Amino acid sequence: MVNFQPVIKWTGSKRKQSEKIVSLMPNEIDTYYEPFVGGASVLFQLLHSNIKVNKYICSDINNDLITLWNEIKNHPNNLIESYTHLWKELNVDENIERKKQYFYQVRRRFNKNRDPSDFLFLSRTCTNGLIRYNSKGEFNTLFHFSRKGIKPKTLAEIILNWSNKLNEYNVKFINCSYEQINSNENDFFIFRSTLC
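So for the sequence shown, numbering that gives the first Met the number 0 puts the first residue at 0; every next one is plus one.
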């Protein structure tokens with residue numbers, strides 16, 4: 000199996016368990032469904048396995064997450080360029096108060112426009128990478144003032160690695176509830192921490 004870095008930090012990540020989970024899967028799968036895709040650790044491990052899969056469909060009810068996954072797959076260089084710009088502006092000096100204000104400016108803009116580039120930046124510079132929303136559906140995690148965020152060059156390599164794999168296997172990302180998925184006999188579901 001493969002050791003890898005997540006492109007998206009997500010609460011409940013199965014990165015440490017992903018090798019074991021994939022080892023329990025059948026050798027052939029018609030359609031692989033991951034309806035709570037989050038950081039897609041199990042998917043990435045599966046893409047590096049010898050398991051034959053005809054189709055990959057990953058979904059989530061969080062549209063911000065799915066929009067970001069589609070951006071990673073289809074427009075990785077846009078994300079890299081935007082993150083680099085935002086990261087450099089955030090870290091132009093060590094003034095914590097200015098950095099906080101910059102973070103909250105980006106957060107306000109994201110809550111208004113839902114730009115996936117802003118979402119990636121926020122996810123990599125907020126407290127513990129925790130994605131959290133208030134009752135109005137606004138991203139409300141606080142700034143992680145003791146960290147600078149992942150360096151752009153490091154993140155660029157991770158994004159391109161993921162994007163190449165997602166395109167190689169034509170992984171589809173859709174915004175929907177798990178209840179909307181209609182599976183067939185030879186399909187495989189990764190349902191939270193349970194294999195189905």
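Think of the CB as a built atom: it goes at the ideal place given N, C-alpha and C, for glycine as much as any other residue. For clarity, every value in this text was computed on a predicted model and none was experimentally measured.
- Here the alpha carbons of Trp161 and His47 stand approximately 11 Å from one another.
- Counting along the chain, Glu18 sits inside no beta strand (DSSP E); it lies in the alpha helix (DSSP H) bounded by residues 17-22.
- Here DSSP, grouped into helix, strand and coil, assigns Val170 to coil.
- Considering only Thr30, Ile65, Arg97, Lys19, the residue with the shortest C-alpha distance to Ser182 is Thr30.
- Going by beta carbons, Arg131 and Phe138 fall inside the 9 Å limit.
- Take Ile149, set aside five residues on each side of it, and the residues of its chain with a beta-carbon closer than 7 Å to its own are Arg123, in chain order.
- Between the C-alpha atoms of Asn26 and Ile79 there is a straight-line separation of about 35 Å.
- In this structure, DSSP gives Phe144 a state outside helix and strand, which the three-state scheme calls coil.
- Segment contact: the region 149-159 against the region 110-117, fewer than three CB-CB distances shorter than 8 Å; contact not assigned.
- Rounded to whole angstroms, the separation of the alpha carbons of Leu85 and Lys72 is 20 Å.
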